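Here the protein sequences line up with chains L and A, keeping their order. Numbering of the first sequence is given in our numbering, commencing with residue 157 and proceeding in unit increments. Numbering of the second sequence is given in our numbering, commencing with residue 365 and proceeding in unit increments. All C-beta atoms, glycine included, are put in the ideal place defined by N, C-alpha and C. Nothing here was measured: the structure is a model prediction, and the numbers come from that model. The block underneath contains the structure these notes are about, expressed in structure tokens.
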Amino acid sequence: MSELSEELLHGPLHQWHVDHGAKMAEFGGWLMPLQYDGGGVVAEHTAVRTAVGLFDVSHLGKAEIRGAGAVAFANRCLSNDLERIQPGHAQYTLALTDRGTVTDDLIAYMRGEDDLFLIPNAANTAAVVAALEAARAAEGAELEITDLHRSYGVFAVQGPLANTVMAAVGLPQPADYMSFVDATVNINGADVALTVCRTGYTGELGYEVVPAWHDAAAVWEALAAAVEIAGGRAAGLGARDTLRTEMGYALHGHELSTEITPVEAGIGWAVGWKKAAFWGKEVLTAQKADGAPRKSVGLLATDRGVPRAGVNVLDAEGNIVGHTTSGTFSPTLGNGVALALVDPAVELGQALALDIRGRRLGVNVVKPPFVKASTKA
Amino acid sequence: MSSIPADLSYTAEHEWVLTPTAGGVVRVGITDFAQDALGDVVYVQMPEAGTEVSADTVVGEVESTKSVSDIYAPLTGTVTARNEALDADPSLINSDPYGDGWLVEITLADAASYSTLLSAAEYQEKVG
């Protein structure tokens, strides 16, 4: 691991995490905190569900498209329909391949008609930027597409006490889900410009805070102090994964990939089907009409044991009817949960089993989320 | 730095073994190093009492939120007790790996086999 870590990128809070006893792990080419000393996945997960947690997700990509017609251009490329939102709002969207499969899922912040900010996944940022640049060149459009991966930090404040923390640091709390504001706040006597979006990946009330890379440490320290006073804690990416799995949220490389379409993954709501154009439209529209060969479901364990990603899903006769894409122990339910891609004939409520290293773990087919969402509470 | 009590013996698979009783019974668990590496333990599968086990073979597993690790029989014998408290609260392995988080008790086939295990100093060497 020490040899590996030297090749991995460090975020702006790397030293803080090390100083706080974080176990560090690789996420999309970056060395990021998995969990903290004195915490652990369950304690950090529970803090987010019952109080508040602070995540450093600065490994996420950042990019922008600027110039006349930037939003209209992006709307011809990305899957979701940017005409559904106004400036000051962000949107979950997909960059698809020409086969209708998923290069990446990302958040697009509409700053204005001529200015779009993107937050793709760490490992896919270069591919998204390259695809957009290729499309721009093909159109001959006069736009600037810039990879800003190391220009900003990204933090998530998540949990029922998120507003308390934001208020303590003097940060805005945009009320509408997926709306964002730019603000300048005074931290330790210095003015710091940042963006705050009402969003998250945990199913709780929360915000993502985007400061410039060079201001990231000061903003994080202020947030971490406020989170501690509120009775919350810093949370690592281990808890972020159990939290998002409880909500049934897709993670690229698991529920989404260049071998999985959004129709199969059950996120057709992130596709603007009526748009004149988006990448992969022809193939995807045909699949939607003909029916996908697989569908996404939730699996709730009926036996003790922990489902894992990449294991076979078996029917009552022992036939393989699919495979898990994610699996974990749900700290909130005290139960194993999984997400799976299965044969379309599989029905809600059906009893299936997972092949866990030769042992059968019973599961029931359910519709996620496994835990009720409080994002709009 | 993880805790390695001097009065226990150890295996290369990060398990500890308590000195045999007069009846040749040893208590077995996983080390502090192992529980820390695993993270929050959420499920333990252990052999039932009466199960015959052979040294260095897999007899169960410990699952955490992030991974799964096999439990090996440290020595040959018969399982005479399993820690039922772990069924209700597997996190005892994290909070008290050398005490309430013990896994099983084994009646050794050969009490002298205990001397083949690693000492605390030898185990310390291994985990650095």
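Ranked by Cα distance from W435 (chain L), the options L:C233, L:N475 and L:L517 are led by L:C233. Within chain L, the residues whose beta carbon sits less than 7 Å from that of K430 (chain A) are V197 and G394, listed in sequence order. Interface with chain A (8 Å Cβ-Cβ cutoff): Q191 (chain L) is included. Setting aside the 5 residues that flank it on each side, S367 (chain A) is surrounded in the same chain by D396, each with a C-beta closer than 7 Å to its C-beta; the list follows chain order. Under the 10 Å beta carbon count, W425 (chain L) is surrounded by fewer than 16 other beta carbons and is classified as exposed.
CA-to-CA, the gap between I241 (chain L) and Q247 (chain L) works out to about 7 Å. Ranked by Cα distance from V469 (chain L), the first of L:L508, L:Y333 and L:R400 is L:L508.
Within the stretch 284-309 of chain L, the complete beta strand (DSSP E) segments of 3 residues or longer fall at 300-303, listed in chain order.
The closest CA to that of H479 (chain L), considering only L:T488, L:L495 and L:G490, is found on L:L495.
Residue-level contact check: G461 (chain L) touches chain A, since one or more beta carbons of chain A fall below 8 Å from its beta carbon. The C-alpha of R292 (chain L) is placed about 37 Å away from the C-alpha of L399 (chain L). The beta carbon of T484 (chain L) falls within 8 Å of a beta carbon belonging to chain A, placing the residue at that interface.
Closest in C-alpha terms to R460 (chain L), from the list L:R516, L:A339, L:T281 and L:E411, comes L:R516.
In the three-state scheme derived from DSSP, where H, G and I count as helix and E and B as strand, Y478 (chain A) is classed as helix. According to the DSSP secondary-structure assignment, K179 (chain L) is paired through a beta bridge with L:Q191. For T398 (chain L), a Cβ of chain A is located within less than 8 Å of the residue's own Cβ.
For Y407 (chain A), the neighbours in chain L by C-beta distance under 9 Å run, in chain order, R460, G461, V462, F485 and G492. The contact set of E427 (chain A) on chain L, defined by CB atoms closer than 8 Å, consists of G461, V462 and F485 in chain order.
At least one C-beta of chain L is nearer than 8 Å to the C-beta of D404 (chain A). Contact between the stretch 455-474 of chain A and the stretch 512-531 of chain L is absent: fewer than three C-beta pairs spanning the two stretches fall below 8 Å. Just so you know, the alpha carbons of L379 (chain L) and K179 (chain L) end up roughly 21 Å apart. Judged by pairs of C-beta atoms under 8 Å, the stretch 179-188 of chain L does not touch the stretch 364-381 of chain L, as fewer than three such pairs exist. A straight-line Cα-Cα distance of about 8 Å links S307 (chain L) and H370 (chain L). Annotation for N520 (chain L): no alpha helix (DSSP H) segment contains it, though the beta strand (DSSP E) segment containing it runs R515 to V522.
According to DSSP, residue pairing for E416 (chain A) in a beta bridge involves A:T442.
Sequence-distant partners of H173 (chain L) (beyond 5 residues in either direction) whose C-beta falls short of 6 Å from its own C-beta, in its chain, are P189.
DSSP places L382 (chain A) outside both helix and strand once states are collapsed to three, so it counts as coil. In the three-state reduction of the DSSP assignment, G268 (chain L) falls in the strand class.
If you draw a straight line from the Cα of V285 (chain L) to the Cα of E412 (chain A), it is about 56 Å long. Collapsing the DSSP output to three states places Y374 (chain A) in a strand. Within the DSSP secondary-structure output, F311 (chain L) pairs in a beta bridge with L:D212 and L:V365. Per DSSP, reduced to three states, the secondary structure at Y333 (chain L) is coil, with no helix or strand assignment. About 7 Å separates the beta carbon of L455 (chain L) from that of P463 (chain L), a gap short enough to meet the 8 Å contact definition.
The beta carbon of R391 (chain A) sits closer than 7 Å to those of L382, W466 and E469, all from its chain and outside the five residues before and after it, given in chain order. With a cutoff of 8 Å on beta-carbon distance, P525 (chain L) and G447 (chain L) are scored as not near each other.
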